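Q: Going by the numbering used here, the sequence shown opens with residue 4, and the numbers climb by one from there.
Idealized CB from N, CA, C, for every residue including glycine.
Fair warning: this is a prediction, and the values are worked out from it, not measured in the lab.
Sending over a structure as structure tokens; questions will come in a sec.
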Amino acid sequence: MDPICPIDSKCASLISALLHPSPPPQVQEYFGELISARQCPGIQVNQNGGFGKGVYANKEFKEGELVLKDQMLVGLQHPSNKIDCLVCSFCFRFIGSIEIQIGRKLYLKNLGVSSSNGCGREKYFSKYHSAVGSSTEEDDSCMEDSAPGRCGPKVSLHNGVAESLMNGELILPHSDEFSLPTVVSCPGGCGENFYCSKSCAEADWNSSHCLLCTGARSQSLCKEALLGFIQHANDTNDIFLLAAKAISYTIMRYRKLKAAYLKHHDNYSTSDEMPLLLEAWRPISIGYKRRWWDCISLPDDVDCSDEFAFRMEIRELAFASLQLLKDAIFDKECEPLFSLEIYGNIIGMFELNNLDLVVESPVEDYFLYIDDLPHPNKKKAEEITQPLLDTLGDDYSVCCQGTAFYPLQSCMNHSCCPNAKAFKREEDRDGQATIISVRPISRGEEVTISYIDNDLPFEERQALLADYGFKCSCARCLEEGSS
Numbered sequence: 004m005d006p007i008c009p010i011d012s013k014c015a016s017l018i019s020a021l022l023h024p025s026p027p028p029q030v031q032e033y034f035g036e037l038i039s040a041r042q043c044p045g046i047q048v049n050q051n052g053g054f055g056k057g058v059y060a061n062k063e064f065k066e067g068e069l070v071l072k073d074q075m076l077v078g079l080q081h082p083s084n085k086i087d088c089l090v091c092s093f094c095f096r097f098i099g100s101i102e103i104q105i106g107r108k109l110y111l112k113n114l115g116v117s118s119s120n121g122c123g124r125e126k127y128f129s130k131y132h133s134a135v136g137s138s139t140e141e142d143d144s145c146m147e148d149s150a151p152g153r154c155g156p157k158v159s160l161h162n163g164v165a166e167s168l169m170n171g172e173l174i175l176p177h178s179d180e181f182s183l184p185t186v187v188s189c190p191g192g193c194g195e196n197f198y199c200s201k202s203c204a205e206a207d208w209n210s211s212h213c214l215l216c217t218g219a220r221s222q223s224l225c226k227e228a229l230l231g232f233i234q235h236a237n238d239t240n241d242i243f244l245l246a247a248k249a250i251s252y253t254i255m256r257y258r259k260l261k262a263a264y265l266k267h268h269d270n271y272s273t274s275d276e277m278p279l280l281l282e283a284w285r286p287i288s289i290g291y292k293r294r295w296w297d298c299i300s301l302p303d304d305v306d307c308s309d310e311f312a313f314r315m316e317i318r319e320l321a322f323a324s325l326q327l328l329k330d331a332i333f334d335k336e337c338e339p340l341f342s343l344e345i346y347g348n349i350i351g352m353f354e355l356n357n358l359d360l361v362v363e364s365p366v367e368d369y370f371l372y373i374d375d376l377p378h379p380n381k382k383k384a385e386e387i388t389q390p391l392l393d394t395l396g397d398d399y400s401v402c403c404q405g406t407a408f409y410p411l412q413s414c415m416n417h418s419c420c421p422n423a424k425a426f427k428r429e430e431d432r433d434g435q436a437t438i439i440s441v442r443p444i445s446r447g448e449e450v451t452i453s454y455i456d457n458d459l460p461f462e463e464r465q466a467l468l469a470d471y472g473f474k475c476s477c478a479r480c481l482e483e484g485s486s
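This is the structure in structure tokens:
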């Protein structure tokens with residue numbers, strides 16, 4: 004049955020206004036402000052004919068030069084990845100200490116939880132939080148994993164090693180070379196979000212988390228509904244969590260704009276709501292959008308004859324998610340945001356524009372540092388670190404992984420022979436997108452990246468790019484397609 008959302012018909016004109024493309028001068032103004040804030044004057048965003056927007060060089064870039072660092076508008080660490088990586092929920096920098104990072108990996112590994120088995124994350128995380136700083140009778144003997152490149156037997160660790168690492172009783176050799184920010188808890192007390200600083204905690208709280216927090220200070224309407232929404236997203240698709248952040252972000256922007264308006268005006272009527280909501284929506288409005296159920300790629304195991312049924316099933320899934328979210332954080336003055344049309348377009352924006360959020364783990368750097376020590380120092384250090392490494396196995400090097408929307412990087416068009424790429428340098432330790440030139444870029448030249456693996460043959464590249472809704476006509480594809 005095709006789900007019907009009453010808000011879609013009730014707020015049809017408002018929804019149309021929100022989804023109507025902004026005039027080019029407004030788009031240009033917005034990106035100009037964004038580029039100024041990002042302090043990257045070497046680029047500009049221009050309208051690019053039939054390709055929408057594009058990023059162009061305002062200066063010459065040498066090979067290997069930084070083109071752009073782009074802060075995400077909204078981002079999300081994959082729920083299953085939280086098992087392996089403790090990071091700031093706002094900037095995604097690793098936090099705590101090397102000991103905490105390794106200790107919690109060991110603790111959760113002993114419970115039989117891994118990134119490939121994240122379904123019990125809520126249960127296990129509450130158990131983990133109660134264990135930090137206290138003793139437990141859990142057995143810390145290792146699993147039968149081995150470190151990369153090794154084929155070792157099962158290694159036993161003393162009971163309480165994981166807890167000793169987490170509560171600071173056991174300090175690893177040379178870990179002071181890899182200092183990390185102290186863990187700051189969520190101001191709402193949810194026990195799920197952690198931060199690298201008070202400023203990150205406050206920024207996340209004020210921008211969106213206050214509505215999505217499950218703690219005692221949450222500003223959500225119904226905690227039970229919010230927990231149901233989160234569980235539904237974890238069971239189905241965590242892209243719903245990202246969409247919820249986008250809606251919460253817009254609501255909080257609207258409330259701030261309204262508060263600022265009331266400082267200079269005596270009255271506030273319903274006629275004032277739409278202009279403020281449009282302004283609050285502006286950062287989301289610039290992303291290219293289509294409804295999720297229209298733009299999602301058909302899975303390989305779904306026959307073409309079943310495509311309509313598949314897309315309706317996706318629509319129903321989004322509607323079920325939206326109803327839970329509406330019960331949790333509905334705001335009457337922002338009612339159009341809770342229409343299925345807007346929700347579908349937000350999710351579709353992430354489907355078409357989302358980019359991988361990746362932050363390298365300092366745990367991997369730590370073990371590599373130990374491996375590079377001079378022999379006498381290495382042998383002494385490995386008496387402590389090698390059993391840990393053998394126990395962790397391949398999990399020792401897992402990086403922070405998630406999905407984010409980067410407003411400037413999302414404007415970069417694809418080329419199978421790009422002149423730039425996303426690349427994390429040694430100093431890039433947070434969730435910002437970093438774009439580096441891969442060859443010299445001339446002033447006025449478009450900055451392009453690749454959306455896919457460029458080593459694939461022509462036909463396979465075109466098939467993959469069809470999922471993005473276009474046929475590539477870069478110089479390489481034109482040459483290979485004509486041969």
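Since F34 is in the alpha helix (DSSP H), which residue starts that stretch and which ends it?
A: Counting from 1 along the sequence shown, the entry for residue 34 is found at position 31. Unbroken alpha helix (DSSP H) run through F34: P27 to R41.
Q: Taking the alpha helix (DSSP H) that G484 belongs to, which residues open and close that run?
A: For the purposes of this step, residue 484 is taken as residue 481 along the sequence shown, with counting starting at 1. Its alpha helix (DSSP H) spans residues A478 to S485.
Q: Quick one: what's got a C-beta closer than 7 Å to L37's C-beta in the same chain, skipping five residues either side?
A: The residue you call residue 37 lines up with position 34 of the sequence shown. Excluding sequence neighbours, L37 sits near P410 and L411.
Q: Here's the rule I'm using: 16 or more other beta-carbon atoms within 10 Å means buried, otherwise exposed. How should I101 be labelled?
A: Translated into positions along the sequence shown, residue 101 becomes position 98. I101 is buried by the Cβ-count criterion.
Q: State buried or exposed for I7, treating a residue as buried only when at least 16 other CB atoms are found within 10 Å of its CB.
A: Sequence index remark: in the sequence shown, residue 7 carries index 4 (1-based). Under this definition I7 is an exposed residue.
Q: Look at V77 and S211 and say whether their C-beta atoms are less than 9 Å apart.
A: Counted from its first residue, the sequence shown places residue 77 at position 74. Counted from its first residue, the sequence shown places residue 211 at position 208. Against a cut-off of 9 Å, the Cβ pair of S211 and V77 comes out as a contact.
Q: With DSSP run on the structure shown, which of helix, strand or coil describes V187?
A: Position 184 of the sequence shown, counted from the first residue, corresponds to residue 187. Of the three classes helix, strand and coil, the one that applies to V187 here is strand, per DSSP.
Q: Going by C-alpha to C-alpha distance, which of N457, Q222 and N422 sits closest to V3?
A: With the chain represented from 4 up to 486, any question about residue 3 goes unanswered, as that position is not in the structure.
Q: Quick one: Cα of E448 to Cα of R442, how far?
A: Within the sequence shown, numbered from 1, the residue matching residue 448 stands at position 445. Within the sequence shown, numbered from 1, the residue matching residue 442 stands at position 439. Their backbone Cα atoms lie some 12 Å apart in a straight line.
Q: Using the beta-carbon count (16 or more within 10 Å), is D359 buried or exposed?
A: Taking the first residue of the sequence shown as position 1, residue 359 is located at position 356. Flag for D359 reads exposed.
Q: Starting from L358, trace the beta strand (DSSP E) both ways and give me its first and last residue.
A: Locating residue 358 in the sequence shown gives position 355, counting from the first residue. Here the beta strand (DSSP E) through L358 covers L358 to V362.
Q: Assuming V70 and V362 make a contact with CB atoms under 8 Å, what is their CB distance in whole Å?
A: For the purposes of this step, residue 70 is taken as residue 67 along the sequence shown, with counting starting at 1. For the purposes of this step, residue 362 is taken as residue 359 along the sequence shown, with counting starting at 1. Actually they do not touch by this definition, with Cβ atoms about 19 Å apart.
Q: Here's a check: name, in chain order, each residue in its chain whose Cβ is nearer than 7 Å to the Cβ of G55, leaving out the five neighbours to either side.
A: If you number the sequence shown from 1, residue 55 lands on position 52. Counting only Cβ-Cβ distances below 7 Å, and skipping sequence neighbours, we find Y291.
Q: On the three-state DSSP scale, how would you describe D11?
A: In the sequence shown, counting from the first residue as 1, residue 11 sits at position 8. Three-state DSSP puts D11 in a helix.
Q: Just to check my reading of the structure: G192 and A219 have Cβ atoms closer than 8 Å, yes? What is that Cβ distance to the nearest angstrom?
A: Indexing the sequence shown from 1 puts residue 192 at position 189. Indexing the sequence shown from 1 puts residue 219 at position 216. At roughly 5 Å, the Cβ-Cβ gap stays under 8 Å, so G192 and A219 are in contact.
Q: On the three-state DSSP scale, how would you describe D179?
A: Here residue 179 is taken as the residue at index 176 of the sequence shown, counted from 1. In this structure, D179 counts as helix in the three-state DSSP scheme.
Q: Measure the alpha-carbon distance for C225 versus K329 and round it to whole angstroms.
A: Indexing the sequence shown from 1 puts residue 225 at position 222. Indexing the sequence shown from 1 puts residue 329 at position 326. Going from the Cα of C225 to the Cα of K329 covers about 10 Å.
Q: Locate the alpha helix (DSSP H) running through A236, then write down its first and last residues.
A: In the sequence shown, residue 236 corresponds to position 233, counting from 1. Counting along the chain, the alpha helix (DSSP H) containing A236 begins and ends at K226 to D238.
Q: So if DSSP puts D73 in a beta bridge, which residue, or which two residues, is it bridged to?
A: Residue 73 sits at position 70 when you count from the first residue of the sequence shown. Beta-bridge pairing links D73 to A436.
Q: Output yes or no for whether 9 Å exceeds the beta carbon distance between I103 and V187.
A: One-based indexing of the sequence shown puts residue 103 at position 100. One-based indexing of the sequence shown puts residue 187 at position 184. For I103 and V187, no; Cβs fall outside 9 Å.
Q: If distances are taken between C-alpha atoms only, which option among Y271, N49, P460 and F243 comes closest to E336?
A: Here residue 336 refers to the residue found at position 333 of the sequence shown. The candidate whose alpha carbon is nearest that of E336 is Y271.
Q: Helix, strand or coil: which one does DSSP assign to Q222?
A: In the sequence shown, residue 222 corresponds to position 219, counting from 1. Coil at Q222, not helix or strand.
Q: Using the Cα positions of P286 and E483, report the straight-line distance between them to the nearest angstrom.
A: Working through the sequence shown from its first residue, we reach residue 286 at position 283. Working through the sequence shown from its first residue, we reach residue 483 at position 480. Approximately 38 Å, taken between the alpha carbons.
Q: R318 and D5: beta carbons closer than 9 Å?
A: On the sequence shown, position 315 is the one that residue 318 refers to. On the sequence shown, position 2 is the one that residue 5 refers to. Yes.
Q: Between which two residues does the alpha helix (DSSP H) holding V366 run?
A: Working through the sequence shown from its first residue, we reach residue 366 at position 363. P365 to D374 is the span of the alpha helix (DSSP H), which, as asked, contains V366.
Q: CB-CB under 8 Å to F95, same chain, minus the five flanking residues each way: which ones, in chain order?
A: Walking along the sequence shown from the start, residue 95 turns up at place 92. So the list reads G78, Q80, L360, V362, C403, G405, D433 and G434, once near-sequence residues are dropped.
Q: So the candidates are I105, T217 and A206; which of them puts its Cα closest to the Cα of V164?
A: Reading the sequence shown from its first residue, position 161 is the one you call residue 164. The residue with the shortest Cα to Cα distance from V164 is I105.
Q: Using a 10 Å radius around the Cβ and a threshold of 16 neighbouring Cβ atoms, would you call Q29 buried or exposed?
A: By 1-based counting over the sequence shown, the position of residue 29 is 26. Label assigned to Q29: exposed.
Q: May I ask you to report which of helix, strand or coil DSSP gives K383?
A: What you label residue 383 is simply residue 380 of the sequence shown in a count that begins at 1. Here K383 sits in helix by DSSP.
Q: Keeping to the same chain, check which residues put their C-beta closer than 8 Å to that of E367; ignore five residues upstream and five downstream.
A: As a working mapping, residue 367 is identified with position 364 in the sequence shown. Taken in chain order, the residues that qualify are Y399, S400 and C402.
Q: Relative to the alpha-carbon of W295, which residue among Y252, S476, F197 and F322 has its alpha-carbon at the smallest distance?
A: Within the sequence shown, residue 295 is the residue found at index 292, counting from 1. It is F322 whose Cα lies nearest to the Cα of W295.
Q: Report the three-state DSSP secondary structure of H417 (helix, strand or coil).
A: Locating residue 417 in the sequence shown gives position 414, where the first residue counts as 1. H417: strand per DSSP, three-state reduction.
Q: Which residues in the same chain have their Cβ closer than 6 Å to the Cβ of D334, if we skip the five residues on either side of it in sequence?
A: Position 331 of the sequence shown, counted from the first residue, corresponds to residue 334. Here the set comprises I254.
Q: Alpha carbon to alpha carbon, what distance is there between L230 and G123?
A: Here residue 123 is taken as the residue at index 120 of the sequence shown, counted from 1. Here residue 230 is taken as the residue at index 227 of the sequence shown, counted from 1. Note that G123 has pLDDT 35, beneath the 50 cutoff, so the model's placement of it is unreliable and the number below is only indicative. If I take the Cα positions, the gap works out to 15 Å.
Q: Do you know how far the Cα of K259 is from the Cα of L215?
A: For the purposes of this step, residue 215 is identified with residue 212 of the sequence shown, where counting begins at 1. For the purposes of this step, residue 259 is identified with residue 256 of the sequence shown, where counting begins at 1. If you take the alpha carbons of L215 and K259, they lie about 17 Å apart.
Q: Could you check how far apart the C-beta atoms of F243 and S300 are, in whole angstroms? I think they sit under 8 Å.
A: Your numbering for residue 243 matches position 240 in the sequence shown. Your numbering for residue 300 matches position 297 in the sequence shown. The pair is not a contact, with the Cβ atoms about 18 Å apart (cut-off 8 Å).
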